[in-house]
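Asks: Could you have a look at this structure, given as structure tokens, before my questions?
In the working numbering, the protein residues as written are 4 to 697.
See the structure below:
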């Protein structure tokens, strides 16, 4: 069916590039949209072969020493007894002749001169011209399924391959070994008994990057995937390293074992999509855009079906775009999905040259929720956000709430106020009470008015809260778009331009942050698959260690200001726009709020700060990042509804004295750089000064 369908679509795509999006959309009909397709076996991979875990090739290497060729294959899954089989074809001399490749492979080759089969039980070499099959000496093949090593390694004497030239070509593929130990590949019932082919550098971006592979195996060959090998270079110790350049890539990384299991897609080898704009070079830092997929999507759904994301948010604004998998189609980026985000974040910053002050976050549907979630939890990581069709909790909020609303719960868990999705706790995961955290993270919100899954009323109330807080935002309402309108229309330019107005200030003059323990515990518990997770969302900018009085169900809020960092005066200014632009055809209406510079001088700097806390028993401030000088008299006005331990980190003199409302207080120490001052409940004036030496 795939061959027949694409036999029609692919020629059209040569003239109408937009047809590229059609096939992934068709593949998603039964899963994402729940549309029955009788008579058609549609899935997000090509071909009819179910996933073959132990044939899921993740790495293939070729090496050489003076007497041998070495082959190493690794798979995402390998458990005892090892079922992985590796087929290697060698093209060692000019000329072509069609040969049936043995070992029950079900394929032919017009290029190969030798075929090699390796399993945990041994290795075999077939001369395709003569038909002779020779078993390799005992000990030539080793398999290691221990932990996540998952390796099959083979040594082949070079003299077993005739007069092996200094340069030749190799193709390789994995399958399942014959269960009876014969030198055969297991019959998979589809003709070609191979599941994963190496060296596919030109696959079109699809969910599994498997289109060319599937079509070649359907044609009973892997000849398009031969790759050159230079034995001389190998003997001299040459090593080839993949260095990504401009374009779209599937980036692999090693995840933690605590959320992994050796089956299907859940092993330690995980991936994300990354787009590098034209001209990308690691010699300078590039803006970074995060894009989180909708429920039912994966790391590559944007590249496969919504490719303009990488134009509007990437190429046109010279920005690197990263699209995480989130450890599944419906994790909502909590639990294991939250771990995935943290791991991808670390890998991106290790691998690519990105600008921490020009980092943006966006997503659609579940990915829109991720935009709220992550910019609230980590406001000091992002300069702006761009949620599209984003629910404000895990599920939905209708825009209303009242005492007793949960008593009207239906059989499927819905109430007049909240809807749950994928095991979520929508009341605990409600983001609206935490929007205070977005003081420095403006939001551009896209919302279809007739959205059938995310109530527009809840999204409007979300935007109204940003307005009440005096924060910057834009709300784009699209009267003709339902829930899937943004990815279907695939126009993101205005939201992207809005984001790129802003740059992160890592040390802003004022920090507001709320830590909700019910919210935090839900992020740890929901979609954790039983893993014991602990995240500690207790810091933002120069504030850290925000400790609630009630560590189980408490909510702690910090609102502090450094008067050593003058905040430029501004006025609130309403924004409005619509109904369309050339690259945002809409129609839409936009309302929003901006900050415009106000007249008057900057406030005078002083070596002072203020802090207001509720529900907290402790907090830490980095006075160096606050631009405060601990070697001079330092003052602070502190208001708290509970007694707190105030930690102040900086380059303090060896002896410090402190007074609270003029009365001396004991100063504790936590290491060489941190002092601890107890502050009673209420409003108090703190003075810190170096101790006089006599």
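Every residue gets a Cβ at the ideal spot worked out from N, C-alpha and C, and that includes glycine.
For residue 486, which residues in the same chain have their Cβ closer than 8 Å to its Cβ, ignoring the five residues on either side in sequence?
Replies: Against the chain shown, residue 486 aligns to sequence position 483. Hits under 8 Å: 368, 392, 451, 454, 455, 456 and 457.
Asks: Restricting to Cα atoms, I'd like to know which of 201, 309, 248 and 423 is closest to residue 333.
Replies: The residue you call residue 333 lines up with position 330 of the chain shown. Answer by Cα proximity: 423.
Asks: What is the DSSP secondary structure of residue 10, counted as helix, strand or coil?
Replies: As a first step, residue 10 is located in the chain shown; it is residue number 7 there, counting from the start. Residue 10: helix per DSSP, three-state reduction.
Asks: For residue 534, which of 649, 609, 264 and 510 has the nearest alpha-carbon?
Replies: Sequence index remark: in the chain shown, residue 534 carries index 531 (1-based). Here the closest residue by C-alpha is 264.
Asks: Which same chain residues end up closer than 6 Å to residue 559 when comparing Cβ atoms and leaving out the 5 residues on each side of it in sequence?
Replies: As a first step, residue 559 must be located in the chain shown, where it is residue number 556. Closer than 6 Å at Cβ, skipping near neighbours: 518, 549, 551, 618 and 619.
Asks: Quick one, are the C-beta atoms of residue 568 and residue 520 less than 8 Å apart?
Replies: Locating residue 568 in the chain shown gives position 565, where the first residue counts as 1. Locating residue 520 in the chain shown gives position 517, where the first residue counts as 1. No; because the gap between Cβ atoms is not below 8 Å, this pair is not in contact.
Asks: Between the alpha carbons of residue 198 and residue 488, how many angstroms are there, rounded?
Replies: Position 195 of the chain shown, counted from the start, is the residue given in the question as residue 198. Position 485 of the chain shown, counted from the start, is the residue given in the question as residue 488. One C-alpha to the other measures close to 36 Å.
Asks: Does the distance from the CB of residue 94 to the CB of residue 256 come in under 8 Å?
Replies: Taking the chain shown and counting its residues from 1, one reaches residue 94 at position 91. Taking the chain shown and counting its residues from 1, one reaches residue 256 at position 253. Cβ atoms of residue 94 and residue 256: not closer than 8 Å.
Asks: Mind checking who residue 690 pairs with in its DSSP beta bridge?
Replies: Mapped onto the chain shown, residue 690 falls at position 687. Paired residue(s): 638 and 662.
Asks: When the Cα atoms are used, what is the spatial distance from residue 576 to residue 309?
Replies: Numbered from its first residue, the chain shown carries residue 576 at position 573. Numbered from its first residue, the chain shown carries residue 309 at position 306. The straight-line gap from Cα to Cα measures roughly 34 Å.
Asks: According to DSSP, what are the bridge partners of residue 400?
Replies: Position 397 of the chain shown holds residue 400. BP columns for residue 400 point to 421.
Asks: What number of angstroms, rounded off, separates the C-alpha of residue 678 from the C-alpha of residue 507?
Replies: Counted from its first residue, the chain shown places residue 678 at position 675. Counted from its first residue, the chain shown places residue 507 at position 504. Their Cα atoms are separated by approximately 29 Å.
Asks: Which parts of the stretch 447-488 are runs of the beta strand (DSSP E), unbroken and 3 residues or longer, counting only runs that do not cross its ends?
Replies: For the stretch 447-488, whole beta strand (DSSP E) runs of length 3 or above, ordered along the chain, are 476-481.
Asks: Verify whether the separation of the beta carbon atoms of residue 597 and residue 578 is less than 8 Å.
Replies: Locating residue 597 in the chain shown gives position 594, where the first residue counts as 1. Locating residue 578 in the chain shown gives position 575, where the first residue counts as 1. Contact flag set, yes.
Asks: Are there three or more Cβ pairs, one per stretch, closer than 8 Å when the stretch 433-447 is compared with the stretch 406-414?
Replies: With the cut-off at 8 Å, the stretch 433-447 and the stretch 406-414 do not touch.
Asks: Tell me the start and end of each unbroken beta strand (DSSP E) in the stretch 152-210 that is at least 3 residues and wholly inside, in chain order.
Replies: 154-160 and 170-179, all fully within the stretch 152-210.
Asks: Looking only at its chain, what residues have a beta carbon closer than 6 Å to the beta carbon of residue 547, apart from the 5 residues adjacent to it on each side?
Replies: Taking the first residue of the chain shown as position 1, residue 547 is located at position 544. Excluding sequence neighbours, residue 547 sits near 623.
Asks: Among 480, 652 and 192, which one has its Cα closest to the Cα of residue 593?
Replies: For the purposes of this step, residue 593 is identified with residue 590 of the chain shown, where counting begins at 1. For residue 593, the nearest C-alpha among the options comes from 480.
Asks: Which residue or residues does DSSP assign as beta-bridge partners of residue 73?
Replies: Position 70 of the chain shown holds residue 73. DSSP lists 66 and 158 as partners of residue 73.
Asks: Just the Cα atoms here: how many angstroms apart are residue 272 and residue 516?
Replies: As a first step, residue 272 must be located in the chain shown, where it is residue number 269. As a first step, residue 516 must be located in the chain shown, where it is residue number 513. Computed Cα separation, rounded: 35 Å.
Asks: DSSP three-state label for residue 273, please.
Replies: For the purposes of this step, residue 273 is taken as the residue at position 270 of the chain shown. Three-state DSSP puts residue 273 in a strand.
Asks: Go to residue 501, then tell me how far its alpha helix (DSSP H) extends in each direction, as first and last residue.
Replies: Within the chain shown, the letter at position 498 stands for residue 501. Note, residue 501: alpha helix (DSSP H), 496-502.
Asks: With respect to the beta strand (DSSP E) encompassing residue 578, which residues constitute its N-terminal and C-terminal limits?
Replies: On the chain shown, position 575 is the one that residue 578 refers to. Segment 573-580, the beta strand (DSSP E) holding residue 578.
Asks: Quick one: Cα of residue 337 to Cα of residue 299, how far?
Replies: Residue 337 sits at position 334 when you count from the first residue of the chain shown. Residue 299 sits at position 296 when you count from the first residue of the chain shown. Going from the Cα of residue 337 to the Cα of residue 299 covers about 15 Å.
Asks: Check each candidate in 591, 426 and 67 and name the one with the smallest Cα separation from residue 581.
Replies: Here residue 581 refers to the residue found at position 578 when the chain shown is read from its first residue. It is 591.
Asks: Whose C-beta lies closer than 7 Å to the C-beta of residue 356 among residues of the same chain, with five residues either side of it excluded?
Replies: For the purposes of this step, residue 356 is taken as the residue at position 353 of the chain shown. Result list for residue 356: 285, 287, 288 and 289, in chain order.
Asks: For the beta strand (DSSP E) holding residue 547, just list the boundary residues, first then last.
Replies: Taking the chain shown and counting its residues from 1, one reaches residue 547 at position 544. Start and end: 546-551.
Asks: Excluding sequence positions up to five away, which residues of its chain have a Cβ less than 6 Å from the Cβ of residue 443?
Replies: As a working note, residue 443 is residue 440 in the chain shown. Answer for residue 443: 511, listed in chain order.
Asks: Kindly identify the DSSP beta-bridge partner or partners of residue 147.
Replies: Here residue 147 refers to the residue found at position 144 when the chain shown is read from its first residue. DSSP output for residue 147 lists 154 as bridge partner(s).
Asks: Could you tell me the distance, in whole angstroms, from the CA atom of residue 82 to the CA atom of residue 389?
Replies: On the chain shown, position 79 is the one that residue 82 refers to. On the chain shown, position 386 is the one that residue 389 refers to. For residue 82 and residue 389, the distance between alpha carbons rounds to 43 Å.
Asks: Run the CB neighbour count on residue 106, radius 10 Å, all protein chains shown included, and call it buried at 16 or more, exposed below.
Replies: In the chain shown, residue 106 corresponds to position 103, counting from 1. Buried is the call here.
Asks: Applying the 10 Å Cβ sphere with the 16-neighbour rule, what's the burial state of residue 718?
Replies: Any property of residue 718 remains undetermined from this structure, which presents the chain solely from 4 to 697.
Asks: Shortest alpha-carbon distance to residue 253 belongs to which of 116, 259 and 278?
Replies: The residue labelled residue 253 in the question sits at position 250 within the chain shown. Ranking the options by Cα distance to residue 253, first place goes to 278.
Asks: If I measure Cβ to Cβ from residue 627 and keep anything under 6 Å in the same chain, skipping five residues before and after, which residues do I get?
Replies: For this step, residue 627 is matched to residue 624 along the chain shown. So the qualifying residues of the chain are 653.
Asks: I need the straight-line Cα distance from residue 190 to residue 86, nearest angstrom please.
Replies: Working through the chain shown from its first residue, we reach residue 190 at position 187. Working through the chain shown from its first residue, we reach residue 86 at position 83. Roughly 13 Å separates the two Cα atoms.
Asks: If contacts are defined as beta-carbon pairs under 8 Å, then residue 382 and residue 441 qualify, I think. What distance do you get, rounded to the angstrom?
Replies: For the purposes of this step, residue 382 is taken as residue 379 along the chain shown, with counting starting at 1. For the purposes of this step, residue 441 is taken as residue 438 along the chain shown, with counting starting at 1. Indeed, because the Cβ distance is near 6 Å, the residues count as touching under 8 Å.
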